[in-house]
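Undergrad: Residue numbers (the working numbering): 4 to 595.
Cβ coordinates follow ideal geometry from the N, Cα and C atoms, glycine included.
Input: one structure, supplied below.
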Ligand SMILES: [Ca+2]
């Protein structure tokens, strides 16, 4: 049915002449009648009458019975009357047009008898009766067309009826549904029945169109209403299907509890139609499929690897056991150290950040000592200068050569070469400072044991709480690293280290070479289960990208920092320098 021209539809919710049931009952047999009259009133086989104004051809009714096809099409003219009616039964086509009756394109006179149909005068009407099925079509011709026409069936045809007459499904579903909403909608019920039928009209076969409508009404009436529990059964609207283990809930939490977040809390109640885990279970958001588990069965994740409850992961410093999605760890026997690896700082308490400017900073300070680091004015690396001041004595590491065979006692500190790459300072009050001298200066500070909370600077306060690590020199806890780091600068400092890559060629090189850190089959893979590579990878790219001198040098320093972190937990990587072509570079540095 093509709706080429504009039309509109009006419903008559209480056309009492047709009875509320819509079908007409005679004394002998039940008849099912569909009528159209006037300029577009349609009274379907069942349900409420309605109005369609259109000059388009419409299927009045179409169905198949005992493998015989029946089709009645109507078209109105500008005068509102029917100007053409086509009745096709068992492929015999009868056309009513301009006051004449054409059977198979031939004009016939009444009475007309044919194997399949009879056409005869019936009072002021003309009737066509099928001999194949107890069906008749009756109409009245007037000047200009046909003013009324009805189709009568002696038996109800249950399936597959389409067309304007076949709205029985829509109207009966609407009526049935709204018989359950009377307590909720009360006097508004007729209005909603109209809406329901208008919504259904010509979309009877779409489950979504109807079900969306019924759902809104059910929601409107609320979960205490009578219709709430019944509406899906009445309308045969199935609940939406949920993926995986999830089950549908008409009203439930919009955000479902998961292993990562078993008790999501949000401002205000976020209740809606939703897919949730069965009661008592939470979503295992570490699994790929949507799987629900009880909280004690939640897996733990560390460094991209999944552990089951009871699984243990160990380093030489600490053992952690997975318990229902949470790690319970023994005390860390390795003292927390502060790392200053170029612009990348890890505080005593483990917070990682990037310093913003090439300045001199207070790396760490206590009551009677201060460690300063001075960045190169050119690059985001530490200038060959780091100083430790204890009371009035100070130790200043200037360059590699000046420290050759260097080993001596200051009053309160021992300074010595720990290896060809590291100078160590051990103070009388229990602090250790390891200075990596090649290829770039990097500082590793182990805090004095009993100075907790009296320490401040870029390395933080060493109180096992990362949340207060950005305490500025004036004692304010900053939210971001920049104001915090700048507060610890010695002298004026402007942020001048690019926070992103600014050289495309370098970026391509860095992307390619730093990926070795993440390679699950690579030399660093052994450590993946102990230390996540993500921050080291980011640092590698940033460092290599913004490298001032040798890209390879910057890359090798970055890779070395991960290797060093792994070594500190007792993870042996093997000859990572050889595997990453960082040997040659190291030799060159040592020979200098
Ligand atoms: Ca802290």
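Quick one: any contact between the segment 180-191 and the segment 131-145, if contact means 3 or more CB pairs under 8 Å?
TA: The segment 180-191 vs the segment 131-145: no contact.
Undergrad: Is the beta carbon of residue 276 less than 9 Å from the beta carbon of residue 246?
TA: Contact flag unset, no.
Undergrad: State the start and end residues of the unbroken alpha helix (DSSP H) segment that holds residue 542.
TA: Taken as a continuous stretch (DSSP letters only), the alpha helix (DSSP H) holding residue 542 covers 537-548.
Undergrad: Grab me the residues of residue 481's own chain with a C-beta within less than 6 Å of its C-beta, minus the 5 sequence neighbours each way, in chain order.
TA: Result list for residue 481: 473, 475 and 487, in chain order.
Undergrad: Find the nearest neighbour of residue 359 within the set 489, 73 and 307, judged by alpha-carbon distance.
TA: The shortest Cα separation from residue 359 among 489, 73 and 307 belongs to 489.
Undergrad: For residue 548, I'd like the list of residues in its chain whose CB is within less than 6 Å of its CB, leaving aside the five on either flank, ordered along the chain.
TA: Correct list, in chain order: 504, 509, 510 and 513.
Undergrad: Would you mind stating whether residue 430 and residue 372 have Cβ atoms separated by less than 9 Å?
TA: Their beta carbons are under 9 Å apart, which means residue 430 touches residue 372 by this criterion.
Undergrad: Do you know whose CA, among 327, 426, 308 and 432, lies nearest residue 530's CA?
TA: Looking at the Cα atoms, 308 is the closest of the given residues.
Undergrad: Roughly how many angstroms lie between the CA atoms of residue 112 and residue 241, to the nearest whole one?
TA: C-alpha separation (whole angstroms): 54 Å.
Undergrad: Spatial neighbours of residue 325 within its chain, please: CB distance less than 6 Å, with the 5 preceding and 5 following residues excluded, ordered by chain position.
TA: Excluding sequence neighbours, residue 325 sits near 303, 310, 312 and 314.
Undergrad: Taking 7 Å as the limit between beta carbons, can you name the residues of its chain near residue 521, skipping five residues before and five after?
TA: Taken in chain order, the residues that qualify are 536 and 540.
Undergrad: I think residue 367 touches residue 259, with their Cβ atoms under 8 Å apart; what is that distance to the nearest whole Å?
TA: Rounded, the Cβ-Cβ distance is 45 Å, inconsistent with contact.
Undergrad: How many angstroms separate the CA atom of residue 220 from the CA atom of residue 180?
TA: If you take the alpha carbons of residue 220 and residue 180, they lie about 10 Å apart.
Undergrad: Report the residue from 178, 208 and 206 whose alpha carbon sits nearest the alpha carbon of residue 194.
TA: The shortest Cα separation from residue 194 among 178, 208 and 206 belongs to 178.
Undergrad: Could you please give the first and the last residue of the uninterrupted alpha helix (DSSP H) stretch that includes residue 311?
TA: No alpha helix (DSSP H) contains residue 311, which DSSP labels as neither H nor E.
Undergrad: Could you name each continuous beta strand (DSSP E) segment of 3 residues or more that falls completely within the segment 113-148, going from the start of the chain to the end?
TA: Complete beta strand (DSSP E) runs here, min 3: 120-125, 128-133 and 138-145.
Undergrad: Counting pairs of beta carbons, one from the segment 460-471 and one from the segment 347-357, are three or more of them closer than 8 Å?
TA: Short answer: they touch.
Undergrad: Between residue 560 and residue 443, how many whole angstroms is the CB-CB distance? I'm expecting something under 8 Å.
TA: With a Cβ gap of about 5 Å, residue 560 and residue 443 count as contacting.
Undergrad: Is the beta carbon of residue 136 sitting closer than 9 Å to the one on residue 156?
TA: Closer than 9 Å, so yes.
Undergrad: Roughly how many angstroms lie between the CA atoms of residue 152 and residue 54, to the nearest whole one?
TA: One C-alpha to the other measures close to 15 Å.
Undergrad: Is any non-hydrogen atom of ligand 1 found closer than 8 Å to the C-beta of residue 467, if you look at the structure I gave you?
TA: Residue 467 Cβ: within cutoff of ligand 1.
Undergrad: Measuring straight from C-alpha to C-alpha, what distance separates residue 394 and residue 577?
TA: Summary for residue 394: the model assigns pLDDT 47, below 50, so the residue's position carries little reliability, and this model does not support an answer.
Undergrad: Would you report the Cα separation of residue 154 and residue 118, rounded to the nearest angstrom?
TA: Residue 154 and residue 118: Cα-Cα distance of roughly 20 Å.
Undergrad: Which residues in the same chain as residue 233 place their Cβ atom closer than 6 Å to its Cβ, once the five residues preceding and following it in sequence are excluded?
TA: Closer than 6 Å at Cβ, skipping near neighbours: 183.
Undergrad: Per DSSP, which one or two residues make a beta bridge with residue 363?
TA: Its beta-bridge partners are 377.
Undergrad: Specify, as a first and last residue, the run of the beta strand (DSSP E) that residue 277 falls within.
TA: That run of the beta strand (DSSP E) goes 274-279.
Undergrad: Taking Cβ positions, are residue 79 and residue 43 nearer each other than 9 Å?
TA: Cβ distance < 9 Å, so residue 79 and residue 43 count as in contact.
Undergrad: By the three-class DSSP mapping on this structure, what secondary structure does residue 491 have?
TA: Of the three classes helix, strand and coil, the one that applies to residue 491 here is coil, per DSSP.
Undergrad: Roughly how many angstroms lie between the CA atoms of residue 253 and residue 545, to the nearest whole one?
TA: In a straight line, the C-alpha of residue 253 is about 49 Å away from that of residue 545.
Undergrad: Going by beta carbon distance, what residues of the same chain come within less than 8 Å of residue 228, once the five residues before and after it are set aside?
TA: So the qualifying residues of the chain are 184, 186, 187 and 221.
Undergrad: Using C-beta distances below 7 Å, list every residue in its chain close to residue 158, excluding the 5 sequence neighbours before and after it, in chain order.
TA: Taken in chain order, the residues that qualify are 137.
Undergrad: So is residue 2 buried or exposed if we call it buried at 16+ other beta carbons inside 10 Å?
TA: Not covered by the structure: residue 2. The range shown for the chain is 4 to 595.
Undergrad: Check residue 150 in the structure and name its three-state DSSP category.
TA: Strand at residue 150.
Undergrad: Would the beta-carbon of residue 340 be found less than 8 Å away from any heavy atom of ligand 1?
TA: No; taking the cut-off as 8 Å, the Cβ of residue 340 has no heavy atom of ligand 1 nearer than that.
Undergrad: Given this structure, state the Cα-to-Cα distance separating residue 293 from residue 197, to the nearest angstrom.
TA: C-alpha separation (whole angstroms): 42 Å.
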